[in-house]
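Chains as they are written, first to last, in the working numbering: chain A, 1050 to 1314; chain B, 8 to 286; chain C, 5 to 388; chain D, 2 to 430. Virtual Cβ for every residue (Gly too), placed ideally from N, Cα, C. Working notes for the structure below.
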Amino acid sequence: MPLVAGIDCGSGFTKALLVAQDAPGETLRFAGKAQVRSGVNVDQAANAALDQALAGLSRSEIAYVAATGFGRYNLSSRDIAITEITSAARGSFFLLQRPGVVLDVGSQTTRAIAITHRGRVHSFKSSDKCAAGSGMFIARAARYLEVPLEQVGELSLKAAHPHAISSICAVLAESEIINHVSAGVSVEDILRGIHDSLADRAGAMLKRVGMNGELAFIGGVAHQQGMVRALEQRLKVKVSVPADCEFVCALGAALLGLQRLARRN
Amino acid sequence: MRIAVGVDVGSTQSKAVLMGDDGQGIKILSRALVDTGANVTRAAQSAFDQCCRNAGIPPQDVGFIVGTGYGRYKITFGNAQMTEISCHARGAHFLCPGTRTVIDMGGQDSKAISVGPSGEVLDFVMNDKCAAGTGRFLANAAEVMGISLDEIGPLSLRASHPVKIATVCTVFVESDILSYLAQGKRAEDIMGGVHLAIAKRTLSLARRLTIEPEITMTGGVARNTGMVQALETVLGQKLHVSPDAHFMGAVGAGLFALEKLGESFESSVWREHASSCRN
Amino acid sequence: MEMIERTFDSLGDLLQDLSFPTVRDWKREHPGARAVGFFPVYAPLELAHAAGMLPVLLNGAGDRLDIQHADSRFGSFICSIVKTTMEMAMTGHLDPFDALFFSSICDSARNLCFVIKRNFPQMYLDFVHLPHSTSETSVDFLAAEYRRIIAELERMGGLKVSDDSLRESISLYNQQRRLVRQLYELRAKSPYLLRTWESYVLIRSGNFLPVEEHIAILSSMLEVLPARPGKKRDSIRVVVEGAFCEQPPLELIRLLEAAGCDIVEDDLTLPQRWFSGDIPLTGDPVQALAESYVQNSVYSSVRHDFRHPRWQGLEEKIRATHADAVIFLIAKFCEPAYFDYVLFKKKVDELGLPHLLLEFEEKLFTFDRIRTEIETFVESLVFD
Amino acid sequence: MTEIHTNDYRGTIHQRQKDLMLDWYHRLDQASDGGDPPTVSMMISGNCVELLEGFGASPIYPEVNALQLAIRHQSLEPILAAEDLGYAADNCAYVKADIGCMLKGITPTGERIPKPTLVLCNFVGCNTYVKWFEHVAELTGAPLYVLDVPFLRGEEPTEADVAYVVRQLKEVVQLLEKLTGRKFDCERFRQAVSCSSEVEQLWSEIKHFSQCTPSPFDAYFDAITLMGPLYVYRARQEGVEFFRAALEELKQKAIARTGIYDEERFRLVMEGPPPYPYFRTFRDMFAKWKACAVASTYSTVGGLWEFGFRHDPDRPFESIAMHMLAQNVTNRNYLQRYEQIRRYVEEWKADAIIIHFVKSCRLFSAGQGDMRDYFTKQLGIPTLYIESDLEDPRYFAEAQTKNRIDAFFESLEHAKSASRQGRECARTA
């Protein structure tokens, strides 16, 4: 049975996800997924991710490749290129099975997306340069604070007196963190402060696209418990984080790929 | 012999320099360099201890300690503080007496300083909010490229067609770099472009002063050969780069500390700072 | 047909050339005559023309000039056109001009006028106060202001400006603006015959050309364009709003079209088409010019008129062109445009139209972020 | 670090000023039911508050509301509310705070602020005013009149300029008669104008006290606390009494040679508005160095009186027009501001200039780099350039700002001690 690959060529990581479907309407079968660091060569990263996802299966099984994400146009094996926002919407809709609002925090950009009842993008807002707040920003802070990235979420939950990061400029925000450190603020409080301010900025974007009571949180940062808590507390919303939250764009691309393939045959 | 120490607590690294004055002349007796990390006071302390050890001089023999850099007020054992602007000027004047202009790319700011004949600050300018162009700018660029900070300088020197970098906004330059990577541009050309962008940026910063030769570059970035060369190209003249460039703040602080010991320098800055940090 | 393409290319090159070749040529052919530069938006070109001078509309330096001196004068949070204009002055690019005129469009542009004046005392600089008022008295005031300018131009060595010579100039610019309006009509009716980046270079080149030459080019193009082969594409009709002063990179306009937008209305090159109709050739011409500014100038974010608010003007544009969407194209740090976005957005939401907000700077070398936004926007419209 | 400085910068006038401003807010609260007294939204810059007195109307100054809010550390919430509405990060934060307050019903004192009888945009040099008041009119539904004041292009206004403004002032009078149903009281108007000229005389004398060494007050931080009454009460008897008291208090200090510090170490000229959200923090950064502002451009936003201009009861409309056109810092061109600062340095005997760039206000800030260039390179006056904002707390980088200020004073110290040593050498030789 032919496989469809959704490949999300992000700036930080490249994710590949394989799906198959006998016929439109039939149940989907997930044939595998994998994630690798993007590095400088999009094709290399994509192939690596694809091979891991195939887990022994042959490349020839792949009938259609839908590329999304930052490097989508550089994926030579692509059949179609779709923006990560459209695929994020599609992927989330598949998981939610209803219209709603999605927050996608990637390593470079943060996006708020409102989805229609048919899984299309209704409206969206991307973070601009003067808005510190993406995966990369947290990663840097973590390194500076000498905290392994995977512990960030946990530590942030332990904060007693979150120390807000007020600056909007990422550069100044980094300086602010450094100055908090110089001022002797605890690592936990700084981390939670970062999550809080990220949540506030996300909130501003979400309001622009029309946020209702619920929120689907996707992207690698969604793994950070502290960030989820911050969103729930600051924005007073119910936050749901799908399993494999970092694969949602790849999934969306794969689903749209299936459609095109079906139309092609 | 009078012994004094200057401690420069920077955003990424803390440096300490132990200096001695035997009446014949002032000498740097030892240096120490540690990562600042999340505990500033500890970093400052260990830098201080290390450089005492390196010099084989017991801490109690140190007559006076001056702290500088962003963490200066966290130096619990310090006797006084000075800003790194005064210290870099002073240090540069000591190591390169002809210095009239200092260019320093620190982790948080980049600055240009006009220095008087006796090492005093005549005028200084620092980067605008929206044009950091600082050491961190380079560090982040290196990170996005997945290259170590020490490699980017030499790499940039191999650029044949440096890319155009429109912005000195650290956040946007990252996506610029990613786009260029996506376009398949060579790493050396991207780094070349980044270095050129900062060099030009720094030049226009320095232009706000009257740029007098000789020019001395201080701070950690001075170790980046690519940056030095890029600066020399846009400035159209050679830069002094002392092997102690990244200790310059600490050296300046050490010199102020020595002066304080000798009481040759009586200024209310001292009353101010000294009183402020005793209690 | 390749004559059309050739024209676009050569005019495109002209826009790229910061040495103002056409101005230098004109001055060579007219020994002793003066060239006068006007900063956007509402520039009374007619006055300079009637004084026998070459009026030129300044438009920044695009991405072709490194900011090396200007940011020592203008710091953070100041728009790009102010810095590039300052840079052009400080690097001698404005030398062909004998005088520069600025007007009361925004605070940065005004301060720029006086900062240049301090740095270049030998150059003639003047500041025109355009009324932010629709009170009857504002017409008399503006007429007096225009007369003050005329006197200055004459003192500068311009020809004596008579009612007749001014009327002649006005009628020339009326004609030019008429042709520009026809171009816009053609583009709105059949976008496939004339891309926006094409009409853009066609019109903007008029900034640097003697109006007589520009009229000739426009009319000859308007003759051949309708017969141009072109295929109707599946695309959305958008109104572009917000770039009335600083101009976006040409690449960005191309990007919008490549992503599937037919730009059926915009406020680009507004200085070329800022009267909704002809300026009457009867009566006192100075009064007529002033009257037209107060009564019949095209709305923009830098002109106050509450009798006919801008958001209402946008609605009329949308209805007239049957647009599917609005793209707000705003120059980074252009405060007037940011302010109007709020009330424009309110209006567009009322009309139930989708909109996209894009920020640009004169200098953009990579477009991936913007492209992703535009493509998603188009995708969300064509597939829904 | 521990703060050495303990001066709480208080005089009795500071308290009286508080009371006066609270009274004003209270009057506005009363006006909120029934529209009595009538209220007119106006801009501080070149305001024509005298005209309002002719109708017994109260001014509403959105700027004052905004800055009061910021000083009380309450500006961020309304700013964010406005940004949710679509205002950009790069819009003037004064406007965002004001709009945000209307949306959320926030006021500085908790008392109500009425829907204005008229939104009078006395546009003097600040294009943002026009936008601001257009939006206020849209939001409140109140009538808007833009009083277009031609920017000062030359040294003096042209006849056409004056005639144009006078004609508009008279249009405003007619409009207000229509809106308030009250007859314009020419006598009261004339009295208001003479009150103003008296207050302006007192204010000007006060501002000249800072020519003394030490200066009895800080002509930036303290002047700002006196500015409220200057704009709200200038044309009223309360204003006259307040400024008589202020003059008396400061005269005593001047005679007793009491400065604001035990020792006045530096005399500064301040350019640009202060960072209101960090007003005290910012002041302490200078207090630490015992640096006193002896003059400031910001305190001449509402009117430039220390150089002699007064309103004239015999030519009320013309003198108001002159005030709006030529006698406030915002409608004067950039080079005239250079000249104003130069005179301050000279006649108020200042050591240095501090330029505070505020992101929100391009009128003040666009070109301040050139200003620094002029003063350091052309006149050789030490000048510090720092950036933040007047209303938005997110743009104040405390550590950076402190660092630059400390470095600046360190260099001034060295210059001083160097010259001191120089003199000593000369003596010993």
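Exercise. Near B:R165, what residues of its chain come up, given a Cβ to Cβ distance below 7 Å and the 5 sequence neighbours on each side ignored?
Worked result: E195
For this session: Note down the Cα distance separating A:I1226 from A:D1245, rounded to an integer number of angstroms.
Result: 13 Å
For this session: List the residues that DSSP assigns as beta-bridge partners of A:G1242.
Result: Partner(s): none; A:G1242 has no beta bridge.
Problem set entry | CB contact check: D:P394 to chain A, cutoff 8 Å | yes
Exercise. In three-state DSSP terms, what is A:S1231?
Worked result: helix
Exercise. Grouping DSSP H, G and I as helix and E and B as strand, with all else coil, what is D:C102?
Worked result: helix
Exercise. How would you call C:P48, buried or exposed, if buried means at least 16 neighbouring beta carbons within 10 angstroms?
Worked result: buried
Exercise. In terms of residue numbering, what span does the alpha helix (DSSP H) encompassing C:F348 cover?
Worked result: E339 to E354
For this session: Identify each residue in the segment 84–110 of chain D for which the Cβ-Cβ distance to at least one residue of chain A is less than 7 Å, and report them in chain order.
Result: E84, D85 and A90
For this session: Ignoring anything shorter than 4 residues or poking outside the segment 230–304 of chain D, list the alpha helix (DSSP H) runs there in chain order.
Result: 238–256 and 280–288
Exercise. Going by C-alpha distance, which of D:I45, D:I107, D:M103 and D:P117 is nearest D:A32?
Worked result: D:P117
For this session: Tell me C:H359's beta-bridge partners as DSSP assigns them.
Result: C:V330
Exercise. Assuming D:I371 and D:R268 make a contact with CB atoms under 8 Å, what is their CB distance in whole Å?
Worked result: Correcting the residue identity first, residue 371 of chain D is Asp in this sequence and not Ile. Rounded, the Cβ-Cβ distance is 24 Å, inconsistent with contact.
For this session: Within 10 angstroms of the Cβ of C:E383, are there 16 or more other Cβ atoms? Answer buried if so, exposed if not.
Result: buried
Problem set entry | C-beta contact flag for A:G1118 and A:F1142 at 8 Å | no
Exercise. Between the segment 53–66 of chain C and the segment 325–334 of chain C, are three or more C-beta pairs nearer than 8 Å?
Worked result: no
For this session: Examine the Cβ distances between the segment 201–215 of chain C and the segment 286–294 of chain C and report whether three or more of them are shorter than 8 Å.
Result: no
For this session: List in chain order: all unbroken beta strand (DSSP E) runs of 3+ residues lying wholly within the segment 26–60 of chain C.
Result: 39–42
Exercise. According to the neighbour-count rule (16 or more other Cβ atoms, all chains shown, within 10 Å of its Cβ), is C:K350 buried or exposed?
Worked result: exposed
Exercise. With a CB to CB cut of under 7 Å and the five nearest residues on each side skipped, what residues in its chain are close to C:D177?
Worked result: A small fix is needed here, since residue 177 of chain C is Tyr in this sequence, not Asp. These residues qualify, in order along the chain: L49, E50 and V215.
Problem set entry | Paired residues, beta bridge with D:N123 - DSSP | D:L148
Problem set entry | Of the listed residues C:K121, C:V40, C:V143 and C:G64, nearest to C:M160 (C-alpha basis) | C:V40
Exercise. Could you give the distance in angstroms between the alpha-carbon of A:H1210 and the alpha-carbon of D:H74?
Worked result: 19 Å
Problem set entry | Every unbroken alpha helix (DSSP H) inside the segment 219–246 of chain B [4 residues or more] | 232–242
Problem set entry | N-terminal and C-terminal residue of the alpha helix (DSSP H) that C:I257 is part of | L254 to A262
For this session: From the DSSP output, read off the bridge partner residues of C:M160.
Result: Paired residues: none, contrary to the question.
Exercise. Rounded to a whole number of angstroms, what is the C-alpha to C-alpha distance between D:I342 and D:T301?
Worked result: 11 Å
Exercise. For D:Q18, which residues in chain A fall below 7 Å Cβ to Cβ?
Worked result: Here the premise fails: no neighbours, minimum Cβ distance about 30 Å.
Problem set entry | Three-state secondary structure assigned by DSSP to B:V12 | strand
Exercise. Since C:M7 and C:V228 are thought to touch, with beta carbons under 8 Å apart, how far apart are those beta carbons, to the nearest angstrom?
Worked result: 7 Å
Problem set entry | Beta-carbon separation (whole angstroms), C:E261 vs C:W315, contact threshold 8 Å | Going by Cβ atoms, the distance from C:E261 to C:W315 rounds to 26 Å, so no, they are not a contact pair.
Exercise. What residue from C:L58, C:Y46 and C:D21 has the CA that sits closest to C:E3's CA?
Worked result: Here chain C has residues from 5 to 388 only, and residue 3 of chain C is not among them.
For this session: Report the three-state DSSP secondary structure of C:D130 (helix, strand or coil).
Result: strand
Exercise. According to a CB-to-CB cut-off of less than 8 Å, which residues of the segment 1163–1183 of chain A neighbour chain C?
Worked result: T1165, R1167, R1169, V1170, H1171, S1172, F1173, S1175 and D1177
Exercise. So, using beta-carbon positions, are A:L1066 and A:A1299 closer together than 8 Å?
Worked result: yes
Exercise. Under a Cβ-count criterion, where at least 16 other Cβ atoms within 10 Å of its own Cβ denotes burial, should A:M1050 be classed as buried or exposed?
Worked result: exposed
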